[in-house]
Structure formats: structure tokens, C-alpha cells
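Participant:
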Amino acid sequence: MADVFRSLNLLETLKESIELNKLSDVKDAVEDLLISRINLAVIGGRGDEKFAFINSILGLGPGDDGAAPSPSSVAPEELAVYPNPKHPDFRLWDLPPVPPASPFEPEGYMDRVKFPRYNAVLMTFTQTPQPNSVDVYLEARSQQRQTVYFILLASAKDTEKSLEEKRKASMEVLTSQGVTLPKVYLVRPSTLENFDFPGLLEDMGGDLPEIRAHALLLALPTLTSTLVSQKKEAFKALVWAAASLSGGMSAIPVPFVASMVDSSVAVRILTKAQLSLCLDDDSVERLARQRGMEPTRLKGLRTCVLSVEVTKGEVKKRLAAAEKDLATVSSKLVEMAMPVHARSASRSFSAMLQALNSTMDEMAADAEKIVAVALGEGK
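Residue numbers (UniProt numbering): 1 to 379.
(1) Using 10 angstroms around the beta-carbon of Leu216, count the other beta-carbons present and answer buried if the total reaches 16, otherwise exposed.
(2) Please report how far the alpha carbon of Tyr185 lies from the alpha carbon of Ile43, in whole angstroms.
(3) For the alpha helix (DSSP H) that Ala321 lies in, which residues bound it at each end?
(4) With DSSP as the reference, label Pro103 as helix, strand or coil.
(5) Would you kindly work out how many angstroms separate the C-alpha atoms of Leu174 and Pro129, rounded to a whole number?
(6) What three-state label does DSSP hand Asp64 in the structure shown?
(7) Assign Arg343 to buried or exposed, taking buried as 16 or more other Cβ atoms, counted over all protein chains shown, within 10 Å of its Cβ.
(8) I believe Ala140 touches Phe104 by the beta-carbon criterion, under 8 Å. Please report the beta-carbon distance rounded to the nearest angstrom.
(9) Under DSSP, the alpha helix (DSSP H) around Met293 begins and ends at which residues?
(10) With DSSP as the reference, label Tyr118 as helix, strand or coil.
(11) Less than 8 Å between the CB atoms is what I'm expecting for Pro189 and Ala288, so what's the real figure, rounded?
(12) Given a cut-off of 7 Å, decide if Leu306 and Ala367 are closer than it, judged by their beta-carbon atoms.
(13) Roughly how many angstroms lie between the CA atoms of Lys232 and Ile35, to the nearest whole one?
(14) Tell me the DSSP secondary structure of Ser170 in three-state form.
(15) With 16 other CB atoms within 10 Å as the buried threshold, where does Ser264 fall?
(16) Name the residue from Val310, Val284, Glu160 and Ser358 whose alpha carbon lies nearest to the alpha carbon of Leu301.
(17) Only counting the same chain, and skipping five residues up and downstream in sequence, which positions put a Cβ closer than 7 Å to that of Val136?
(18) Answer with buried or exposed for Glu294, where buried requires no fewer than 16 other C-beta atoms within 10 angstroms of its C-beta.
(19) Glu314: which of Ser72, Thr296, Thr271 and Leu122 sits nearest, CA to CA?
Here it is as C-alpha cells:
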């Protein structure tokens with residue numbers, strides 16, 4: 001729910017920028033949301049659990065192209081980067097474990113791994129956090145870095161009882177080293193929808209800058225129906241911004257706005273939505289493999305044409321149909337959507353808003369059906 005509110009906050013921010021004629025801010029926000037620039041770092045021992053965790057965040061299985069291999073071929077002290085194959089500007093960095101040496105200077109380790117480069121850092125372990133890792137965390141917090149988190153990765157042998165015992169022991173370690181209000185997220189790498197990973201995402205969404213939180217949200221695989229809903233809300237904020245930059249903003253005297261956004265940008269948005277909602281063939285087939293299901297079963301759940309393939313012809317057809325259907329769009333809807341001084345919104349704005357929002361609803365409904373069946377919640 002927090003991400004939905006953040007989407008509404010972003011929408012209000014974008015509306016305010018339009019009110020103030022800051023169209024360049026809106027255009028930058030559209031590009032940021034489409035390009036998903038974000039770097040996540042994962043610190044910890046290079047074992048099976050860490051690589052399964054990295055691959056699950058990327059939506060990949062161990063044998064998929066671009067997946068982190070186990071065992072790793074990277075030298076122990078080297079960094080490795082794994083770009084998301086569907087969202088190449090979302091990069092997951094595999095950082096070497098914090099050395100157990102004594103004496104230890106956390107600043108030296110942080111400099112070596114280029115700590116400031118990462119939007120968020122996930123400090124992983126399978127037993128309890130070692131003291132030097134806690135020192136790195138404390139140093140990061142002293143530098144006003146809020147987006148650093150402790151992650152207890154579950155192994156195949158762990159039971160719920162053993163995991164809770166490890167969590168309790170980890171909390172004691174953190175408290176003994178001076179961490180105030182310690183928090184340890186319990187994560188099972190192969191099934192991120194379970195345990196604390198959804199809560200971790202919610203906390204990261206609150207700690208990251210708004211655009212970065214949305215970038216992360218859009219790049220993650222569709223792990224739960226809640227995540228699908230959050231993605232839909234984020235895309236609707238993006239749709240409003242894109243529509244505002246279209247030729248529909250005739251009340252704002254900026255001559256170049258009319259050519260700024262057209263069906264090509266609508267195609268970009270819906271292509272991004274298709275990939276973000278994991279509706280493309282590759283994503284559906286990969287999910288089916290991971291869940292031991294027939295791909296055709298999941299593919300058959302897609303009823304929206306644009307869930308299967310985004311084409312400029314289909315997008316143009318939907319925009320044209322929305323233009324013809326504008327008489328049915330209530331003046332109240334347009335009035336609520338637009339800034340006060342621009343309520344004479346043109347047909348272009350209204351058509352794009354109506355066409356893309358309705359399409360987003362259809363695509364999200366398809367994604368929810370696929371997630372429900374894959375997780376065993378649907379028939």
C-alpha cells in the first residue's frame with residue numbers, strides 16, 4: 001500500500017510541475033521512470049544462497065542467460081555486476097564479503113567497493129552478521145546512508161524454527177555492537193514472495209528517493225499480486241505525465257510540447273509495462289520453468305492483445321478509438337486529472353489518458369491471473 005500512496009504523491013508532484021510550467025521536470029520524470037536507473041549491491045559470502053537471491057531479484061533461474069553462476073568465477077576480492085536483461089539500467093552488484101581481519105577500517109572497504117555508487121545495499125549472511133559487517137553498516141549510517149539492510153538468507157536445510165533462532169541471535173549481535181532499532185529481514189532466496197522480502201521492498205520504497213523507488217518497483221519481477229497492483233499505479237502516474245506532455249496541453253504556451261509525446265512514446269510506455277509486468281513470452285516461459293508448469297497454461301491467461309505483443313499499429317488503433325469515444329469521458333474525470341488553469345485539456349491528452357489507462361488495467365489483470373496461477377492461488 002505504501003507504494004500506491006507514493007504513486008499518488010508522485011502524481012501530485014507532477015501536477016504541481018505542470019501548474020508551474022516546469023515541463024522539463026515532467027519530461028525528466030517520464031524518462032527516469034522509463035529508463036529505471038538504479039544500482040543495488042549485495043554484500044556477503046559467495047555461496048549458493050547469495051546467487052539464488054541475486055537471480056531471483058532479476059527474475060532469472062540458474063541456467064538463464066545473464067544469471068549469476070554458482071560457483072562464481074569472479075576473484076574473491078573483485079566486484080561483479082549483473083544487469084537485468086529486461087531492464088539493463090537496473091544493475092545488481094555482487095560485492096565481496098566484508099573481510100574478518102582485525103584491525104579493520106570500514107572506510108577502506110567502502111572505498112574499495114565504491115559504496116556511494118549504490119542506491120541501496122543488502123548485507124547478506126546465512127548465520128549471524130560478522131562484526132566487521134556491522135561496522136560497515138554503522139559507518140554508512142554515520143554518513144547518512146539510510147538504505148543499508150541486513151538480510152538473513154535461508155538455506156534449503158533451514159526450518160522456520162532454526163531461522164527464527166538465527167534471527168534472534170543476529171538481533172543480539174547487532175544490539176551488542178550499538179545498532180539502534182536493529183532489523184533483520186528473513187528471505188528465502190528461491191521464493192521471494194515468502195517471509196520478509198515484501199516488507200523489505202516496502203521499507204526500501206520509503207527510504208529511497210521517489211523516482212528511484214519507482215524505478216526499482218518497475219524493474220522487479222511480479223512476485224505477488226500486490227506488486228502487480230503497485231506497478232499498475234506507478235504506470236498510471238507515468239501515463240498522466242506522458243499525456244500532459246502531449247499536444248493536449250494547449251493551455252500552456254510552449255510550442256514544442258505538441259511534438260514531444262505521440263504514439264511512439266505510448267509504445268515505449270506499454271512496452272515497459274509489458275516487461276515490468278512479466279507478460280512477454282520469455283518472462284512467462286521462465287516463470288513456468290521455475291514453477292514446474294506448462295508455459296502454454298500461463299500464456300493462455302493473457303487476454304489483452306498488448307500483453308502478448310506491443311505493436312505501434314495496435315497502440316494507434318486504441319488511441320484512435322479513444323479519440324472517437326471522448327464524448328463518453330465525463331468532464332469531471334478530465335477536470336480531476338488536469339491542473340486548475342489547464343482544464344480545457346485537448347482531445348490528445350484525454351485520448352492518451354483514456355487509452356493507456358484502460359490498457360494498463362487489462363495488462364495488469366492478465367499479470368494478476370498469471371501470478372495467481374503460478375503461486376497456486378488460482379485454478
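No residue lacks a Cβ here, since even glycine has one placed at the ideal position from N, Cα and C.
This one's a predicted model, so the numbers in the text were calculated from it and none came from an experiment.
Facilitator: By the coordinates alone:
(1) buried
(2) 14 Å
(3) Lys312 to Lys324
(4) For Pro103, the three-state secondary structure derived from DSSP is coil.
(5) 8 Å
(6) The DSSP-derived three-state label of Asp64 is coil.
(7) Only weak support exists for where Arg343 lies, its pLDDT of 45 falling under 50; the value from the coordinates is given anyway. The residue in question, Arg343, is exposed, as its Cβ has fewer than 16 Cβ neighbours within 10 Å.
(8) Rounded, the Cβ-Cβ distance is 14 Å, inconsistent with contact.
(9) Unbroken run through Met293: none, as it is neither H nor E.
(10) Note: Tyr118 maps to coil in three-state DSSP.
(11) So it is not a contact: roughly 20 Å between Cβ atoms.
(12) Not in contact: Ala367 and Leu306 (Cβ atoms no closer than 7 Å).
(13) 17 Å
(14) Here Ser170 sits in helix by DSSP.
(15) exposed
(16) Val284
(17) Val98, Pro106, Tyr109 and Met110
(18) So Glu294 ends up on the exposed side.
(19) Restricting attention to Ser72, Thr296, Thr271 and Leu122, the CA atom closest to the CA of Glu314 is found in Thr271.
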